[in-house]
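Beneath this line is the structure, given in structure tokens, with notes to follow.
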Amino acid sequence: MRTPLRFIASFLFVVGGLAGCSGGTTNDAGVAPPLPDAGFDAGYDGGGDAGPGDAGEDAGPPVTAQICDGCATTEDCGPGFYCVSLTEGGRACLPVCNPDLPDCPRRFNCVMDIASGAPETICEPVGAPCCLDEDGDRYGSGVGCLGRDCDDSSEDVNPGLPERCNGIDDDCDRMIDEASAESCDDGEDNDCDGDVDCADSDCDLLSCGPDGLTCISGICDCPGGGAETACDDLADSDCDGLVDCDDPDCDGSFCGANGLTCVSGSCTCPGGGSEGLCADAIDNDCD
1 MRTPLRFIAS FLFVVGGLAG CSGGTTNDAG VAPPLPDAGF DAGYDGGGDA GPGDAGEDAG
61 PPVTAQICDG CATTEDCGPG FYCVSLTEGG RACLPVCNPD LPDCPRRFNC VMDIASGAPE
121 TICEPVGAPC CLDEDGDRYG SGVGCLGRDC DDSSEDVNPG LPERCNGIDD DCDRMIDEAS
181 AESCDDGEDN DCDGDVDCAD SDCDLLSCGP DGLTCISGIC DCPGGGAETA CDDLADSDCD
241 GLVDCDDPDC DGSFCGANGL TCVSGSCTCP GGGSEGLCAD AIDNDCD
């Protein structure tokens, strides 16, 4: 009969096909399939991702710039920026802006400045060096800054300030309240021991200010007690910077022997310097 022969032939054909697939390949020739094309550099590492269509090189990451970065040409700045000449000298990257919808940083204006060399409106610093500086202390980011700022929200924190004992890194050195040398005359706790330096034993009886102010028992005080006690000793007893008759407190007080008296800032003889009467028992000429 013909039907069984057709059935047997079909069965043998199917079995043969399955045997051809048993070697772990995906085609009749027994060759592994090609890998998908990986011809791009996913990591922007400059080396490319080896694979069909990729020679192992690429252009690297796109050039990016921050406002006020130094530059030589516009190519140093990247898209959306121009390398422009600054009024204070030098060149910096400044971004293009829309004068109708300006989005410039603080202390920058959206302007068309032919002198800068930019053919479009740009965000340009106004009356100040090119520096991204939110707190106005001249520390921040850019060629016009005095340096980098570790806290651009506070003008009391930057590398140009001394460290104070306040739990803050005032001078941006990544250390907090590091002790410094005592200073008896600034009213500060420079050594961070919890007391102003004038209260430290090392400052006792040392000057703590102008005009004779002295550290006395932890207090910056005037050794004379704050009053001009003598007007003829060439001493500033009340620490006001005025000595003897120069101090208004001495006006009318004796400033020397034989009746010399402070009068309008001068040590003089009240009688005018001549003996007007000889019977009044007064030394009118202070001799």
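According to this note's numbering, the sequence shown is numbered sequentially starting from 1.
All C-beta atoms in this analysis are idealised placements derived from N, C-alpha and C, irrespective of residue type, glycine included.
- The beta strand (DSSP E) runs of length 3 or more contained entirely in the segment 82 to 128 are, from start to end of the chain, 91 to 95, 108 to 111 and 122 to 125.
- Under the DSSP assignment, T268 falls in the beta strand (DSSP E) whose first and last residues are S266 to T268.
- Taking 7 angstroms as the cut-off, the beta carbon of C255 is found closer than this to the beta carbon of D232.
- Secondary structure note for C262: its beta strand (DSSP E) is the uninterrupted segment T261 to V263.
- Sorting L242, L213 and C172 by C-alpha distance to the C-alpha of A230 places L242 at the top.
- Non-local beta-carbon contacts of C262 in its own chain, meaning distances under 6 angstroms to residues more than five positions away in sequence, involve C231, C245, C250, D251, S253 and C255 in chain order.
- P159 has its alpha-carbon roughly 17 angstroms from the corresponding atom of N190.
- The Cβ-Cβ distance between P102 and C110 falls below 7 angstroms.
- Between the segment 165 to 175 and the segment 88 to 96, the count of C-beta pairs closer than 8 angstroms stays below three; the two stretches do not touch.
- At the C-beta level, V196 and G187 come within 7 angstroms of one another.
- When the five nearest sequence neighbours on each side are left out, the beta carbons in the same chain lying within less than 7 angstroms of the beta carbon of F108 are those of C123, E124, P125 and V126, in order along the chain.
- If you ignore the 5 residues before and after E88, its C-beta comes within less than 7 angstroms of the C-beta of P129 and G144, all in its own chain and listed in chain order.
- Within the model, the alpha-carbon separation for C269 versus E228 is close to 21 angstroms.
- Apart from sequence neighbours up to five positions away, the residues of its chain that approach S217 with a beta-carbon distance below 8 angstroms are D204, ordered along the chain.
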